[in-house]
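In our numbering, the protein residues as written are 3 to 246.
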C-alpha cells in the first residue's frame, strides 16, 4: 500500500516544551504542517494556533492513554513534530516516553497545552515505520462513549518508591566516569558525579516512579552526560559549572 505523497511542508512553530514544577525545558522542537494540493494552511486550525504562538513555550500536561481520546488514526497526519539532532536532552526525553516500552509506543501520547490557559490541548503521538511524532488537537472530536468501571477495592496495592534505586543510579554515575579523565581526588569530582546523577534521574523520572531502574538505560544516559563534559579521549574532563 503506497503512502500518500507529501506535496510540501511549512514550519508553523519552533520553540520549547515547558515541564511542570521544573525550570528545565525541552528545547529545539518544531512543528511542521503537511500541505497538499487539496489542503491549505487556512484549513488546518491546529497549524494556525501553533503559528500564532510565535515561539512561546508550550506546556506539558500528562502522558495519556490514546484509548481515552478520539482521533482518526487512519487519516493522514497534518502536523509533524521534529527534534533537532543535537538536542540530546529533548531526544532522550521523547525516547524514554515512546521507545523504552515498545508495546506502548502506539498506545500512549503526550498531552500539551498551548499558551497560558488550558483551553487548547493537543496530543503528540507516534507512528511507524519510520518512527514519527504527530500532533492532533483535543476537544474538536466527539468523545468515545465510556463504560462505567466498577469501584476500586478499599485497599489497593501501590508500589512504594524504592530507596535502593537512587543508590543504583548513584553507583552508575560513579562508574561512568573513567579514572584517567577525572580522578576521585579532583576537587570537583563529587560535584560532577552529582551533576550526572541528577541528569540521569531527570531523564528517567517518568519510569523511576513506577518500576525498577533499567540499569542499561541508566548507564547509556550517564555515558551521554559524560560525553557532554569530555574534551576528546585524552586529558581530564573539563566542566563548566554555573553557580547561583
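Backbone N, C-alpha and C define an ideal beta-carbon position, used for all residues, glycine too.
Helix, strand or coil for residue i per DSSP?
i	result
residue 107	coil
residue 15	strand
residue 205	helix
residue 127	strand
residue 27	strand
residue 215	coil
residue 191	helix
residue 72	coil
residue 92	helix
On the DSSP bridge list, what partners appear for residue i?
i	result
residue 61	20, 115
residue 67	110
residue 10	37
residue 183	Answer by DSSP bridge pairing: none, since residue 183 is not bridged.
residue 223	Residue 223 is not bridged to any residue.
residue 32	16, 84
Cβ atoms of residue j and residue i: under 9 Å apart, would you say?
i	j	result
residue 194	residue 174	no
residue 110	residue 99	yes
residue 116	residue 51	yes
residue 32	residue 85	yes
residue 66	residue 97	no
residue 91	residue 29	yes
residue 128	residue 80	no
residue 226	residue 199	no
residue 37	residue 10	yes
residue 43	residue 14	yes
Measure from the alpha carbon of residue i to the alpha carbon of each residue in the options, then state which is nearest.
i	options	result
residue 204	177, 50, 26	26
residue 69	107, 198, 16, 30	107
residue 18	226, 60, 72	60
residue 201	222, 64, 103, 34	222
residue 22	16, 64, 54, 14	64
residue 101	214, 219, 54, 122	219
residue 105	126, 130, 93	130
residue 93	206, 210, 71, 40	206
residue 62	122, 72, 40	122
Buried or exposed for residue i, going by 16 or more other Cβ atoms inside 10 Å?
i	result
residue 12	exposed
residue 208	exposed
residue 229	exposed
residue 187	exposed
residue 56	exposed
residue 247	An answer regarding residue 247 cannot be provided, because it is not within the stretch 3 to 246 covered by the chain.
residue 196	exposed
residue 183	buried
residue 237	Per-residue confidence for residue 237 stands at a pLDDT of 46, beneath the threshold of 50, marking its modelled position as unreliable; the derived number appears in the next sentence. That one is exposed.
What do you reckon, is the C-beta of residue i under 8 Å from a heavy atom of the ligand MN?
i	result
residue 94	Absent from the structure shown: the ligand MN. Ligands present: none.
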